[in-house]
Amino acid sequence: MRHIISVLLENESGALARLVGLFAQRGYNIDSLNVAPTDDPTLSRLTLVTHGNDQVIEQISKQLHKLIEVVKVSDISEAAHIERELMLVKVKASASQREEVKRCADIFRGQIIDVTPVTYTIQLVGTSDKLDAFIQALGATPILEVVRSGASGIARGEKTLTL
Amino acid sequence: MTSQTKSTDLTNPTEMLSGAAMVIRALADEGVEYLYGYPGGAVLHIYDALFQQNKVKHVLVRHEQAATHMADAYARASGKAGVVLVTSGPGATNAVTGIATAYMDSIPMVVLTGQVMSHLIGGDAFQETDMLGISRPICKHNMSVRRPEDIPYLIKKAFHIAQTGRPGPVVLDIPKDMTMPNQAYAYHYPKDISLRSYQPKQQGHAGQIKKAVSALLTAKKPILYAGGGVIMGGASTELTELAQLLNLPVTNTLMGLGAYPAGDKQFIGMLGMHGSYEANQTMHHADVIIAVGARFDDRVTNNTKKFCPDATIIHIDIDPASISKTVNAHIPIVGLVQPVLRDMLAILKQKKKKLDSAALAQWWQQIEQWRTVHGGRYDTTAPLLKPQYVIEQVSKITNGEAYVCSDVGQHQMFAAQYYPFNKPNRWINSGGLGTMGFGLPAAMGVKLNYPDADVVCVTGEGSIQMNIQELSTCKQYGLGVKIINLNNGYLGMVKQWQDMNYESRYASSYMDSLPDFVKLAEAYGHVGIRVTTPEELQPALERAFALKDQLVFLDIHIDPKEHVYPMQVPGGAMNDMFLSKTERT
């Protein structure tokens, strides 16, 4: 099963390497990883998408907790949550394809953020599934480049993951 | 006198020290007596600071690996972190095996590694290696010094992390420019430290403890399974009290030997791969297992799918990640074993309840029956010396009171099976990593700190040669270790597996061209004695142990065909065992 794990991490050098190393050493999967400092510059917030059975996810959570620099861990996919990922896609868009690509981007509420006579660069925000669907929907349009941020997540309602 | 008191006042903020002096001073303030290490370019400022004081004493080994094992063994015997100082590059990489050894057995240790100047890091400088990267997966934590004034705090933090929660080694990497002798900084050694991201649990959850007591009281076939956590957690008194209060059978893991007195009738031996017949049978048939400071290691459980099918498992451990990692725990309790056991005892004493005595009597009857099978008997009539007999005789001559430091292999198992450990912290071995070469430096670390105790290194001709150079260190520091070299001319455990699984094709398990160990010991300035027959053993041991302050190397030629039994059948349940070359359960 797919899980979204949020981690509050001390914003120190080596902390991220330790966390990523843990996944490699213990054979856990990382589907995507998103990390940046929070409003408190001493803390980084990390959203990690992984998959595994309940036992594996429980171990991941416990092993993350064991890392000295990890302040808090939460599997936000266990309860109501919001997930967003940013994608930038550069596609070939010459005369005949320009309208089709524009329409498709509109349907997915994407924005064209860069234009050349032969390309469009589209920005799209949504769940990872939605971004996958957009790539499918582009169909025959030649994709030149895809850049995805990996999912960021937050719990719905009043629940927070803070100090 | 007054001025001297002032200069050692820990809270005096005006004391100015160089980074190098701060390293040594912080160790002194932490109460460190011995520092095990080897100098080199990146740590020369620190060595110079070491030279200019006399509180912290340095032990110069012959190879950095030995420094780590000495510090590790001191920690195993004393419960306090051992401290290592090595230089950058090869000095640091030579310490890696020792750090990993301590990590696998949860041993507190602080390893100070030199590093090239900060501005050279990342530039492939001479003797540069990314020690933080290398040690990351094999230590509890690692850090590097970025500002000299942080040194006291970082050293305190290293000890704090190493010695609390589930203990483990901590590496502190110190670039050379952090230790410049001509730059001074205000020195202040913190008394305590608190980290927002690291708050290990102390007490167990009261509700879980109550639940565990209730489950234990309903048991008809209980067993107490105690591991290394009881030793490092200093909870052997509480464990013994609990076992005796409820008349529970007790088994110890390889790491837990001594947690419960081996001489007591409730002790049913070590469990696991080379555990006793009765311990493995009792585990397999138990209805309630109370695991204390043990981690259901694969060398204990055998096939986890067939593990103890009828048991309700109570698991007490300081590390939540150890709980339900390999075997599901029905009643987990996260906390230090000592306070958790105390809480359990308090509830039991208040309730004044015991287990169903008729059921327990029947259970003990069954266990006594298993005990008669034992499975670890050896041929006492054989003309060749049996390793088991040697261990029994060593136990006799040391009254079962020695610190036994073992290497890794068959001799380790024979020592675990045949030396009755009645006290904790006396059995010092590399259980998790299985590091050959551990034994001699370990024995040195213990002997240095406990000079009046009998310290025995049980080894084989394979293991001893992995750190044989330390015989020189022993001479320098007058370490009167007794080396029991169970010499069978083979890498015995490898050979045993080749006998059992590879039709006795001894691929590289025979060591040709062995040195004359007696002459070798003499060359290093020690006493060497060769023993080749059972008759020679007793007088040789008597002579060796009478030479109190001398290192004696006993090269004991044993039956090369002997195997370690019992041995669990691979892929089987706990109680599927080979009992000898011809019998299996």
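Protein sequence lines, in the order shown, are assigned to chains A and B. First residue of the first sequence? That's 0 in numbering that gives the first Met the number 0, and the numbers climb one at a time after it. First residue of the second sequence? That's 0 in numbering that gives the first Met the number 0, and the numbers climb one at a time after it. All residues carry an ideal CB built from backbone N, CA and C; glycine is no exception.
C-beta atoms of residue i and residue j nearer than 8 Å
i: Thr128(B); j: Gly97(B); result: no
i: Glu82(A); j: Arg147(A); result: no
i: Asn500(B); j: His556(B); result: no
i: Met241(B); j: Leu340(B); result: Note that residue 241(B) is Leu in the sequence shown, not Met. Taking 8 Å as the Cβ cut-off, Leu241(B) and Leu340(B) qualify as a contacting pair.
i: Leu8(A); j: Ser73(A); result: no
i: Thr106(B); j: Val55(B); result: Per the sequence shown, the amino acid found at residue 106(B) is Ile instead of Thr. Taking 8 Å as the Cβ cut-off, Ile106(B) and Val55(B) do not qualify as a contacting pair.
i: Ala285(B); j: Thr252(B); result: no
i: Gly152(A); j: Ser5(A); result: yes
i: Met272(B); j: Arg298(B); result: yes
i: Tyr37(B); j: Glu63(B); result: yes
i: Val229(B); j: Val291(B); result: yes
i: Phe158(B); j: Ala48(B); result: no
i: Gln126(B); j: Gly40(B); result: yes
i: Asn466(B); j: Leu447(B); result: no
i: Pro248(B); j: Asn421(B); result: no
i: Met179(B); j: Ser17(B); result: yes
i: Ile289(B); j: Tyr388(B); result: no
Chain B within 8 Å of residue i, Cβ atoms only
i: Ala35(A); result: no
i: Gly20(A); result: yes
i: His64(A); result: yes
i: Val72(A); result: no
i: Leu143(A); result: no
i: Gly109(A); result: no
i: Gln135(A); result: no
i: His2(A); result: no
i: Glu68(A); result: yes
Buried or exposed by the 16-neighbour rule on C-beta atoms within 10 Å, applied to residue i
i: Glu469(B); result: buried
i: Ala357(B); result: exposed
i: Arg17(A); result: buried
i: Ile142(A); result: exposed
i: Gln409(B); result: buried
i: Lys5(B); result: Bear in mind that a pLDDT of 41 at Lys5(B), under 50, signals an unreliable position, so the number given afterwards is only what the model happens to contain. When all chains shown are included, Lys5(B) counts as exposed.
i: Gly232(B); result: buried
i: Asn93(B); result: buried
i: Arg425(B); result: buried
i: Phe133(A); result: buried
i: Ile3(A); result: buried
Chain A within 8 Å of residue i, Cβ atoms only
i: Leu153(B); result: no
i: Pro386(B); result: no
i: Arg195(B); result: yes
i: Thr7(B); result: At Thr7(B), the pLDDT of 49 sits below 50, so the modelled position is not reliable; the number obtained from the coordinates is stated separately. Answer no: the Cβ-Cβ gap between Thr7(B) and chain A never drops below 8 Å.
i: Pro423(B); result: no
i: Lys305(B); result: no
i: His140(B); result: yes
i: Ile98(B); result: no
i: Arg135(B); result: yes
i: Pro166(B); result: no
i: Ala320(B); result: yes
Those residues which DSSP pairs with residue i across a bridge
i: Tyr186(B); result: Partner(s): none; Tyr186(B) has no beta bridge.
i: Pro221(B); result: Val287(B)
i: Pro331(B); result: His314(B)
i: Glu157(A); result: Answer is none; Glu157(A) lacks a bridge partner.
i: Ile45(B); result: Answer is none; Ile45(B) lacks a bridge partner.
i: Asn484(B); result: Thr458(B) and Asp554(B)
i: Arg83(A); result: Ser151(A)
i: Ala94(A); result: Paired residue(s): none; Ala94(A) is not in a bridge.
i: Ser405(B); result: Val457(B)
i: Ser31(A); result: Val48(A)
i: Ile528(B); result: Leu553(B)
i: Pro168(B); result: Met108(B)
CB contact check: residue i to chain D, cutoff 8 Å
i: Glu9(A); result: The structure shown has no chain D; the protein chains it does contain are A and B.
Give a yes or no on contact between the segment 162-173 of chain B and the segment 135-145 of chain B, applying the rule of three or more CB pairs nearer than 8 Å. In the pairwise beta carbon analysis, the segment 162-173 of chain B is classified as touching the segment 135-145 of chain B: at least three pairs are separated by under 8 Å.
How do the segment 375-383 of chain B and the segment 457-467 of chain B stand: do at least 3 beta-carbon pairs fall below 8 Å, yes or no? Contact between the segment 375-383 of chain B and the segment 457-467 of chain B is absent, because fewer than three Cβ pairs lie under 8 Å.
So does the segment 107-122 of chain B actually touch the segment 77-96 of chain B, counting three or more Cβ pairs closer than 8 Å? Flag = yes, the segment 107-122 of chain B and the segment 77-96 of chain B touch.
Any contact between the segment 197-209 of chain B and the segment 70-80 of chain B? By contact I mean 3 or more CB pairs, one from each, below 8 Å. Taking 8 Å as the limit for Cβ pairs, the verdict is that the segment 70-80 of chain B does not touch the segment 197-209 of chain B.
Does the structure place the segment 85-96 of chain A close enough to the segment 112-128 of chain A that three or more beta carbon pairs sit under 8 Å? Cβ pair count under 8 Å is three or more, so yes.
Is the segment 359-371 of chain B touching the segment 392-400 of chain B in the sense that three or more CB pairs, one from each, lie closer than 8 Å? Look at the beta carbons and you see the segment 392-400 of chain B not touching the segment 359-371 of chain B: under three pairs across the two are nearer than 8 Å.
Examine the Cβ distances between the segment 177-194 of chain B and the segment 314-325 of chain B and report whether three or more of them are shorter than 8 Å. No: the two stretches stay apart, fewer than three of their Cβ pairs being nearer than 8 Å.
Three CB pairs or more closer than 8 Å across the segment 481-497 of chain B and the segment 509-529 of chain B: By the Cβ rule, the segment 481-497 of chain B counts as touching the segment 509-529 of chain B, because three or more pairs are nearer than 8 Å.
So, does the segment 32-48 of chain A touch the segment 304-319 of chain B, judging by three or more C-beta pairs under 8 Å? In this structure the segment 32-48 of chain A does not touch the segment 304-319 of chain B; the number of beta carbon pairs closer than 8 Å is below three.
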